[in-house]
Amino acid sequence: MKTSGRKLPIGIQTFSDIREQGYLYVDKTAWVWTIANEGKPYFLSRPRRFGKSLLLSTFEAYFEGRKELFEGLAIEQLEEKWEKHPVLHLDLNARKYEQPEDLIAMLNQYLEKWEAVYGNEKQDRAAEERFEYIIQRACEQTGKGVVVLVDEYDKPLLQALQNEELLEAYRNTLKAFYGVLKSCDRYLRFAFLTGVTKFPQVSVFSDLNQLNDISMSRRYASVCGITKEELLANFAPELEELAEENDLTVEEAIDTMTARYDGYRFHPKGEGVFNPFSVLNAFDKNEFGSYWFQTGTPTFLVKLLKDSDYDLRTLMDGVETSASAFTEYRAEASNPIPLIYQSGYLTIKNFDKRFSMYILGFPNDEVRYGFLNFLVPFYTKVTDDERNFYIGKFINELESGKTDAFMQRFEAFFADFPYELNDKTERHYQVIIYLVFKLMGQFTQAEVHSAKGRADAIVQTPDYVYIFEFKLNGTAEEALLQIEEKGYAEPFKTDGRTLVKVGVEFSAEERNIKRWLVG
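Using this note's numbering, the letters of the sequence shown map in sequence onto residues 4 to 522.
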């Protein structure tokens, strides 16, 4: 556990609490000042637990004129005239939305609070009429432009993705409610909406076309998250303690943090950032755990993938998608990739300017192995507890040269193999093979390929190199012959380790491994 004595703001999303109670704060106030003074209506998409709520809370404190909270921060040197504005801060994150009444109840909760301050003459009207009246009255009563902050605007929509009737009800309510921000523009000093994704195709934003979407802006790529420079500048004591607790040098600890938690890019040329939630938890517990992935399970994302019959092997190795897919923000089965990106499970690796294509991949090891582990029960009968048992045994057996024991356990892994359609069987087998070897890759040198001309899988241990070839419509003999004829073993013949070639034959009828040969 952490012993340095510094307070880390894990789960603290209120700027005033962080400042007044002495929590460590990574200074983002220069961004706050720039955004607040260069425009009015903004939208920012970022994954969950990435600092969106804290950012909005910082805007709230700034527009309330709470100068004392910003002492010693960058904004203190930028702001000359601190003014107090009426702030309407709507947070849709703190509720489950299972029926239309849930959203109405949440909006009523905020509207009633604001009406108690600015007047309730329209309390019997529709939510959007009440909202419009509150904004107008707040401006007239204070003589200042109103600030509207909406946190997780899309929470109800994301929870209703699998329910078209419920989604339609939320669309209609939110379209009318958010549309007020356009009709009330003359009363507004500033507006900022955050969420995971954006839904123009469901008309929620059709009346808000004036929003400045900075989600994929190079300039604001690091407005949320922790950059490498910020990590080193703000967490030196924590890095030293983390290194000591894990028997590493500080440089090794930084490298491990980078591999596990860095890698998020929201613009091809933008500065990369670490996941702030994982960073703070790693420092608090002095362990390199999987913190962000464990806070939520992306069940709806897996359903989108399965509904689209998406080849998961492509997703794991890096996927291309058009730039237009991100401007459309369509949360649909035919193209699940933009939503998977916006949810934080993929990030920008590169951009092909000529063809306007983004290359996306897993940002880091925490997400890569967390996502792969999460997929296993959806494609096999193996439970979470059994998965860890299998992977550990797989590696121990290969490191000990026990090829037959490995294959027998691999056979058990495929037992009661679930599949829906016969014509998808080969794809399903390939995905499971891919998952197994990719998961082994976090503990040993394991590669799995789908391209022609390379072995299906290669595992390198300190004493052995294993080359696997799998055949669904062929024999184990043919698999071994292919290893020889294609020269898959050539790169390893002089490195001194024992070469083991394994040809594996599947039976579609038995839904399992039929036999294998070791050469």
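Built from N, CA and C at the ideal position, the CB exists for glycine as well.
Item: Chain-order list of residues whose beta-carbon lies under 7 Å from that of residue 596 (same chain, five-residue window excluded); Value: There is simply no residue 596 to check, as the chain begins at 4 and stops at 522 in what is shown.
Item: Neighbourhood of residue 9 by C-beta distance below 6 Å, restricted to the same chain and skipping five residues each side; Value: 27
Item: Host beta strand (DSSP E) of residue 473 (start-end); Value: 467 to 474
Item: Start-to-end residues for the beta strand (DSSP E) that takes in residue 500; Value: Counting along the chain, residue 500 falls outside any beta strand (DSSP E), and DSSP gives it neither H nor E.
Item: Residue 504, buried or exposed, once every other Cβ within 10 Å from all chains shown has been counted against 16; Value: buried
Item: Whole beta strand (DSSP E) elements within the region 140 to 210, 3-residue minimum; Value: 149 to 154 and 191 to 198
Item: Residue closest to residue 200, alpha-carbon to alpha-carbon, out of 314, 127 and 50; Value: 50
Item: For residue 384: DSSP bridge partner residues; Value: Answer is none; residue 384 lacks a bridge partner.
Item: Per-residue burial, residue 198 [other beta carbons within 10 Å of its own, 16 or more giving buried]; Value: buried
Item: CB-CB length for residue 342 against residue 304, believed under 8 Å; Value: 7 Å
Item: Residue range of the beta strand (DSSP E) that includes residue 449; Value: 448 to 451
Item: Beta-carbon gap between residue 187 and residue 139 smaller than 8 Å; Value: yes
Item: 8 Å Cβ shell around residue 3 - same chain, five flanking residues per side excluded; Value: No statement about residue 3 is possible, as the shown extent of the chain runs from 4 to 522 and does not include it.
Item: The region 440 to 453 touching the region 472 to 481, judged by at least three CB pairs closer than 8 Å; Value: no
Item: Cβ-based burial, residue 235 [other Cβ within 10 Å; buried from 16]; Value: exposed
Item: Residues that DSSP places opposite residue 10 in a beta bridge; Value: 26
Item: C-alpha gap between residue 324 and residue 355, whole angstroms; Value: 10 Å
Item: Alpha-carbon to alpha-carbon, residue 92 and residue 195; Value: 10 Å
Item: Distance cut-off 7 Å: residue 155 Cβ against heavy atoms of the ligand ZN; Value: By its list of ligands, the structure shown contains no ligand whatsoever, and the ligand ZN lies outside what it can speak to.
Item: Residue 189 burial status per 10 Å Cβ neighbour count (16 or more: buried); Value: exposed
Item: Selection from 471, 123 and 184 that minimises the alpha carbon distance to residue 152; Value: 184
Item: Residue 135 classed as buried or exposed, judged by whether at least 16 other C-beta atoms fall within 10 angstroms; Value: buried
Item: Sub-8 Å separation of residue 368 and residue 262 beta-carbons; Value: yes
Item: Cα-Cα separation, residue 483 to residue 472; Value: 7 Å
Item: Opening and closing residue of the beta strand (DSSP E) in which residue 95 lies; Value: Run containing residue 95: none; DSSP gives neither H nor E here.
Item: Residue 362 - containing beta strand (DSSP E), residue span; Value: 360 to 364
Item: 7 Å Cβ shell around residue 266 - same chain, five flanking residues per side excluded; Value: 275, 350, 366 and 367
Item: Three-way DSSP call (helix, strand, coil) for residue 373 in this model; Value: helix
Item: Those residues which DSSP pairs with residue 349 across a bridge; Value: DSSP, once it has assigned bridges, lists no residue as partnering residue 349.
Item: Proximity of residue 56 and residue 16 at Cβ, strictly below 8 Å; Value: yes
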